[in-house]
Amino acid sequence: MAKIKVAIIGCGNIFPMHAQSVKENKYTELVAVCDNKPERAKARAEELGCKAYTDYQQLFDEEALDAIHICLPHYLHAPVSIDATKRGLHVLTEKPMAIDYEDAAHMLKVAKEMHTHFGVIFQNRYNAGVQLIKRLLTDGTLGKITSAKASVTWDRSDEYYSKSDWKGTWDKEGGGVLIDQAIHTLDLLRWFVDDDIDYIDATISNRAHEQIEVEDAAEGVVKFKSGTVAAFHTINYYGYDAPVEIELYCEHGRVKMVGDKGTVDLFDGRTFIADNDPSETFSYGEGVKSYWGVNHVKQINNFYDVLINGGELFIKPEEALKTQKMIHAIYQSGKEKQRIWFS
Ligand SMILES: NC(=O)c1ccc[n+]([C@@H]2O[C@H](COP(=O)([O-])OP(=O)(O)OC[C@H]3O[C@@H](n4cnc5c(N)ncnc54)[C@H](O)[C@@H]3O)[C@@H](O)[C@H]2O)c1
């Protein structure tokens, strides 16, 4: 069987997670990488034994590709995805789908019209603790979630921002701590509750970064139609990347997720615990942050399994779109200083 011809666009921090996953996948062949910094594209291509491009449109014109991975600054996710999809290519993009909800919705609409596969990376949904919690919610063991809270307190210094030509800006990153760091945890929170949103009431502010224009702090409430109230708080001026925390107070028990570990204490006395298995490893190469874990490879394998064998993606793009809508409404609430109602 001919292999799926893949190119990765954007050769920065997250690139190795995609490159090694594509290299190791039995269905795929990495034919090219693309970065507008020529030395980056060239170095990665040499390392991986594939072609280098600096212009993604030239890449699309010249290579007979089947699929692309988007590892680009946020503002480029929508245009690159739509261009590729219109050429009939399958697209797997890094989070967030886009900067704007409307662009994200358009990306999905075009993929549906073209009958191409489209996925958005939210690798933390594969964490063992997350899977345990979701299973006990889905099978009814925990009953309804009455309230929830989430906390993400990480460290993104001025130096971190000064090294990037797009992070910390509204037009290129689309926001700060919310759309970049806390989005994973907010996605989990929304997925756990798994209900339509009634309203969002939130604040955003910049409190400890002088060089960036976007928010480094946000807090608020997501009220779901079923009545569940989910509170969140996030900052990226803490001293280190503290383990993220989610707590769910449910009809039949209490759930605590700290980092990758999930603990479920049922009111009948039973306790369930799940954590990532430290012996489960995948080498993405040198300089890759350990907390990015083995879950990129799992999501990428799922994308290609579905492409070859059929079925549904474990993380459907509609799910990513719902999270995008939630993030968008948090920004709107924060900027307009008012409650945002969902219809
Ligand atoms: N899933 C995760 O946990 C996770 C972690 C880190 C980053 N990310 C996401 O990955 C994406 C990339 O983030 P990053 O940290 O790797 O950024 P980065 O800045 O390190 O890399 C982006 C790369 O894109 C290149 N680029 C910019 N404009 C281009 C263009 N027009 N054509 C071709 N190349 C271009 C840049 O030169 C750079 O090498 C973002 O969406 C980010 O949110 C996800």
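Each residue of the sequence shown is one higher than the last, beginning at 1 in full-length UniProt numbering.
The beta carbon of each residue, even a glycine, is placed where N, CA and C say it ideally should be.
Keep in mind the model is a prediction, meaning the values are calculated, not measured.
Beta-bridge pairing of residue i - partner residues as DSSP gives them
i      : result
GLU219 : THR203, HIS233
GLY119 : LEU92
ASP155 : TYR237
GLY262 : MET257, ALA274
GLU29  : LYS5
HIS69  : ILE8, LEU92
ALA150 : PHE232, ILE246
TRP341 : TYR199
TYR161 : TYR161 is not bridged to any residue.
Exposed unless 16 or more other CB atoms sit within 10 angstroms - verdict on residue i
i      : result
TRP191 : buried
ASN25  : buried
MET1   : exposed
TYR284 : buried
GLY253 : buried
ILE308 : exposed
GLU62  : exposed
THR146 : exposed
ALA202 : buried
ARG125 : buried
ASN13  : exposed
Check: residue i C-beta below 7 Å from any heavy atom of ligand 1
i      : result
PHE94  : Note that residue 94 corresponds to Glu in the displayed sequence, not to Phe. Result yes, Cβ under 7 Å from ligand 1.
HIS74  : yes
TYR126 : no
ASP35  : yes
GLY259 : no
GLN123 : yes
SER164 : yes
Straight-line gap, residue i to residue j (C-alpha atoms, nearest Å)
i           : j      : result
PHE60       : ALA84  : 7 Å
GLN211      : LYS149 : 30 Å
GLN338      : ILE327 : 15 Å
residue 357 : ASP194 : The first residue shown for the chain is 1 and the last is 343, placing residue 357 beyond what the model contains.
ALA105      : GLY88  : 18 Å
GLU102      : PHE122 : 20 Å
GLU318      : PRO73  : 21 Å
GLU312      : ILE4   : 18 Å
Test: residue i CB closer than 8 Å to a CB of chain D
i      : result
LEU108 : Included in the structure is just one protein chain, with no chain D present.
Original post:
Counting pairs of Cβ atoms below 8 Å between the region 319 to 336 and the region 78 to 97, do you hit three or more?
Top reply: Taking 8 Å as the limit for Cβ pairs, the verdict is that the region 78 to 97 does touch the region 319 to 336.
Original post:
For the region 298 to 312 against the region 19 to 38, are there 3 or more C-beta pairs whose distance is under 8 Å?
Top reply: Counting Cβ pairs under 8 Å, three or more are found: they touch.
Original post:
Does the pairing of the region 104 to 112 with the region 240 to 253 give three or more beta-carbon distances under 8 Å?
Top reply: Short answer: they don't touch.
**OP:** Report yes or no: do three or more beta-carbon pairs, one from the region 145 to 160 and one from the region 172 to 188, lie closer than 8 Å?
**Re:** Output reads yes: the region 172 to 188 touches the region 145 to 160.
Original post:
Do the region 212 to 231 and the region 111 to 130 make contact, defined as three or more Cβ pairs closer than 8 Å?
Top reply: Because the criterion of three Cβ pairs below 8 Å is not met, the region 212 to 231 and the region 111 to 130 do not touch.
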